[in-house]
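Worksheet for the structure shown next.
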Amino acid sequence: MALLDVKDLKTYFRTDDGIVKAVDGVSFSVEKGQTLGIVGESGSGKSVTCLTIMGLNPKKNTISSGEARFKDEDLLHMSPRRLRQIRGNDIAMIFQDPMTSLNPVHKIGDQLAEAVLLHQDVTKKQAKTQALELLKAVGIPRAERRLGDYPHQFSGGMRQRVMIAMALVNDPDVLIADEPTTALDVTTQAQILTLMNNLQKDFDSAIIIITHDLGVVAETADDVVVMYAAEVVEQGSVDSIFRRPHMPYTWGLLGSLPRLDTDLERLVQIKGQPPSLLNPPQGCRFHPRCPYVMDICKKEDPPLKPVTDDPAHLAACHLDEETKDREAQKLIEGTLAAAS
Ligand code: SF4
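Per the numbering used here, residue 1347 is the first one in the sequence shown, and the count goes up by one each step.
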């Protein structure tokens, strides 16, 4: 059974210019021990999706609907008090920039111990011991000494490890990580992803990774949701989507991954900009940027439907199966990329 089951989630913001449809009918689920990647460009709605689940959008001028069931309780329709309990204990979130979450004038050890004390009925001494254990668990060398350091004395990668430790204080069932490695160099990025993979095994939690980078998804996730302009355009297992991607936006994301078999780092760029969510294009929202656009794409929004050989793999695109197969194959073989 799914630990977190999100159905037809919508988040609209009222602004002076009109209604911004930031999330428009998103559904997915995640199970214990599973990692789900939510991928898309900036502004695709992936972060707002998770902020809605966590109840962290501003109350004023936000309209949310749908369901987000966590262990059979709907996070969208519960009291703020119950939601705060769940947020502190069962679902934790880590953000891209640890400096915005860490207090610069307090020592790392004190901040971790404070987080333990906030959620657990323990003495100060026990909280300090737990803080030390957590620092060790996330691989901080000489953890005992580093408890007395301030955040600015840690590198970016170390600070992100501290944020992960902070999120693990209550052994959460679900860990949501919003672009956890974007601000880090490639080597540190790989170390943090390995750490998250290892911790998931140790803590047996479900992880949702929000990222713009399908490479991060390939490294960490079991399943993936591809979002474009507030909607899900493709979802399924990482294996199925990397083996047979089913729509042009996913092809663009895959094509822009660095390749080992060529000197050119990024071969395919998705041209143009994502649309305004105040007034998204009619029909398929990707149509103004899609190299395969047809008349029907400008009129009808393609439904998300199962692909032929895998009912758990869904995609939204009007292209016929033969064309999808051919183009996906070309992409995988690298010829689509080389030709553009
Ligand atoms: Fe492109 Fe049409 Fe498919 Fe949209 S529905 S991705 S515009 S081919």
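Idealized CB from N, CA, C, for every residue including glycine.
Is PHE1632 near the ligand SF4, judged by its Cβ being under 8 angstroms from some heavy atom? Start at 1 with the first residue of the sequence shown, and residue 1632 comes out as number 286. Yes, the beta carbon of PHE1632 sits closer than 8 angstroms to at least one heavy atom of the ligand SF4.
Please list the segments of the beta strand (DSSP E) lying wholly inside the region 1433-1520, counting only runs of 3 or more residues, in order along the chain. The qualifying runs are 1437-1440.
Which stretch, first to last residue, makes up the alpha helix (DSSP H) that contains THR1398? Counted from its first residue, the sequence shown places residue 1398 at position 52. Looking at the DSSP string, the run of the alpha helix (DSSP H) that includes THR1398 is 1392-1399.
Which whole-angstrom value is the C-beta distance of LEU1530 and GLY1503, which I expect to be below 8 angstroms? Counting from 1 along the sequence shown, the entry for residue 1530 is found at position 184. Counting from 1 along the sequence shown, the entry for residue 1503 is found at position 157. Contact holds; Cβ gap of about 6 angstroms.
Relative to the alpha-carbon of PRO1426, which residue among PRO1444, MET1400, ILE1384 has its alpha-carbon at the smallest distance? Residue 1426 sits at position 80 when you count from the first residue of the sequence shown. Residue nearest to PRO1426 within the set PRO1444, MET1400, ILE1384 is MET1400 (criterion: CA-CA distance).
Whole-number beta carbon distance between ALA1662 and LEU1650, since they are thought to touch under 8 angstroms: For this step, residue 1650 is matched to residue 304 along the sequence shown. For this step, residue 1662 is matched to residue 316 along the sequence shown. The Cβ separation is near 4 angstroms, so the contact holds.
For ILE1587, which three-state DSSP category applies? Taking the sequence shown and counting its residues from 1, one reaches residue 1587 at position 241. Residue state, collapsed to three classes: helix.
For the ligand SF4, is there any heavy atom lying closer than 8 angstroms to the beta carbon of VAL1572? In the sequence shown, the residue the question calls residue 1572 occupies position 226. Taking 8 angstroms as the cut-off, one finds no heavy atom of the ligand SF4 near enough to the beta carbon of VAL1572.
CA-to-CA distance, LYS1474 to VAL1572, given in whole angstroms: As a first step, residue 1572 must be located in the sequence shown, where it is residue number 226. As a first step, residue 1474 must be located in the sequence shown, where it is residue number 128. For VAL1572 and LYS1474, the distance between alpha carbons rounds to 41 angstroms.
How about the region 1633-1644 and the region 1584-1591: do they share at least three Cβ pairs that are nearer than 8 angstroms? By the criterion of at least three beta-carbon pairs nearer than 8 angstroms, the region 1633-1644 is not in contact with the region 1584-1591.
Check this for me: beta carbons of ILE1432 and MET1424, under 9 angstroms apart or not? As a first step, residue 1432 is located in the sequence shown; it is residue number 86 there, counting from the start. As a first step, residue 1424 is located in the sequence shown; it is residue number 78 there, counting from the start. The Cβ-Cβ distance between ILE1432 and MET1424 falls below 9 angstroms.
Quick check on ASP1363: does DSSP put it in helix, strand or coil? For the purposes of this step, residue 1363 is identified with residue 17 of the sequence shown, where counting begins at 1. ASP1363 falls in the coil class under three-state DSSP.
Can you grab the Cα-Cα spacing for the pair GLU1577 / ALA1674, in whole Å? As a working note, residue 1577 is residue 231 in the sequence shown. As a working note, residue 1674 is residue 328 in the sequence shown. Rounded to the nearest whole angstrom, the CA to CA distance from GLU1577 to ALA1674 is 21 angstroms.
In whole angstroms, what is the alpha-carbon distance linking VAL1352 and ILE1538? The residue you call residue 1352 lines up with position 6 of the sequence shown. The residue you call residue 1538 lines up with position 192 of the sequence shown. Distance between the alpha carbons of VAL1352 and ILE1538 is about 27 angstroms.
Spatial neighbours of ARG1672 within its chain, please: C-beta separation below 6 angstroms, excluding the five flanking residues on both sides. Along the sequence shown, read from residue 1 onward, the residue named residue 1672 stands at position 326. Answer for ARG1672: no residue qualifies.
Should ILE1554 and GLU1525 be called a contact, given that it needs their Cβ atoms to be closer than 9 angstroms? Residue mapping note: residue 1554 aligns to position 208 of the sequence shown, counting from 1. Residue mapping note: residue 1525 aligns to position 179 of the sequence shown, counting from 1. For ILE1554 and GLU1525, no; Cβs fall outside 9 angstroms.
One question on the structure: do GLY1371 and ASN1625 come within less than 9 angstroms of each other, judged by their Cβ atoms? Within the sequence shown, residue 1371 is the residue found at index 25, counting from 1. Within the sequence shown, residue 1625 is the residue found at index 279, counting from 1. Not a contact, by the Cβ cut-off of 9 angstroms.
Sorted by chain position, which residues of the same chain lie with C-beta nearer than 6 angstroms to PRO1634's C-beta, five sequence neighbours on each side aside? Position 288 of the sequence shown, counted from the first residue, corresponds to residue 1634. These residues qualify, in order along the chain: PRO1627.
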